[in-house]
Amino acid sequence: MKRSLFAAFAILAIGGTAHAGDMWKTADTDADGRITRAEYDASVTAGWTKKDANADGQLSASEAMAKAGDAKWKAADADGNGSLSQTEYMAMKSGWFAKADANKDGSLSKAEGDLAMASK
Ligand SMILES: [Ca+2]
Ligand SMILES: [Ca+2]
Ligand SMILES: [Ca+2]
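The sequence shown runs -20 to -1, 1 to 100 under mature numbering (1 follows the signal peptide of the UniProt record, and there is no 0).
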C-alpha cells in the first residue's frame, strides 16, 4: 500500500516538471551540467526533425507553433517564403546560443541558460 502511494507521488512529480528543466536535461547528453555548442546543435537538430511534422524539410509557422506575424519568426525567415528551412532554423537557434553564452566560453551553464530563457 505504502509502495503504490509512493509510486503515484513519483509519477506526479515527474509530470509536474516537464518544462525547461527537462529540455535542459535532454540537451545535456553527458550530464555535466553544461550545454556545449555540440550538445546544443544536436538537440536543435533533433527538435527540428520532431517539429517538421510532414517532413518536407520546411518548418511552417503552425508546425513551429509560432504566430505567422511574429517578428522573431519573420527575422528568422531569411528568404521570406513563410516557412523556415533547417538552415534558417539553425541560424536562429545559433543566434540564441551566442546571446545566452554570456561569458563566451562556448558552453552554457545552467545559470546562463535560465537567464536567457527568462529574457527571450
Ligand atoms: Ca554537457
Ligand atoms: Ca514542414
Ligand atoms: Ca524560409
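Ideal placement from N, C-alpha and C gives every residue a C-beta, glycine not left out.
Inter-residue spacing [alpha-carbon to alpha-carbon] between residue i and residue j
| i | j | result |
| --- | --- | --- |
| residue 53 | residue 7 | 23 Å |
| residue -5 | residue 80 | Reliability fails at residue -5, whose pLDDT of 38 lies under 50, so the model's placement of it is uncertain and the value that follows must be treated cautiously. Their backbone Cα atoms lie some 26 Å apart in a straight line. |
| residue 14 | residue 69 | 22 Å |
| residue 24 | residue 33 | 15 Å |
| residue 86 | residue 55 | 24 Å |
| residue 44 | residue 31 | 6 Å |
| residue 95 | residue 1 | 13 Å |
| residue 82 | residue 93 | 9 Å |
Closest residue to residue i among the options (Cα-Cα distance)
| i | options | result |
| --- | --- | --- |
| residue 58 | 18, 72, 81 and 35 | 72 |
| residue 11 | 99, 98, 89 and 94 | 89 |
7 Å Cβ cutoff met for residue i and residue j
| i | j | result |
| --- | --- | --- |
| residue 63 | residue 40 | yes |
First and last residue of the uninterrupted alpha helix (DSSP H) at residue i
| i | result |
| --- | --- |
| residue 87 | Segment 87 to 89 is the beta strand (DSSP E) holding residue 87; no alpha helix (DSSP H) there. |
Just the residues with CB closer than 6 Å to a heavy atom of ligand 2, in chain order, which are they? Those residues are 32, 34, 36, 38, 39, 40 and 43, given in chain order.
Closer than 6 Å is what we want: which residues have a beta carbon that near any heavy atom of ligand 1? List them in chain order. Residues flagged by the Cβ proximity filter: 8, 10, 12, 14, 15, 16 and 19.
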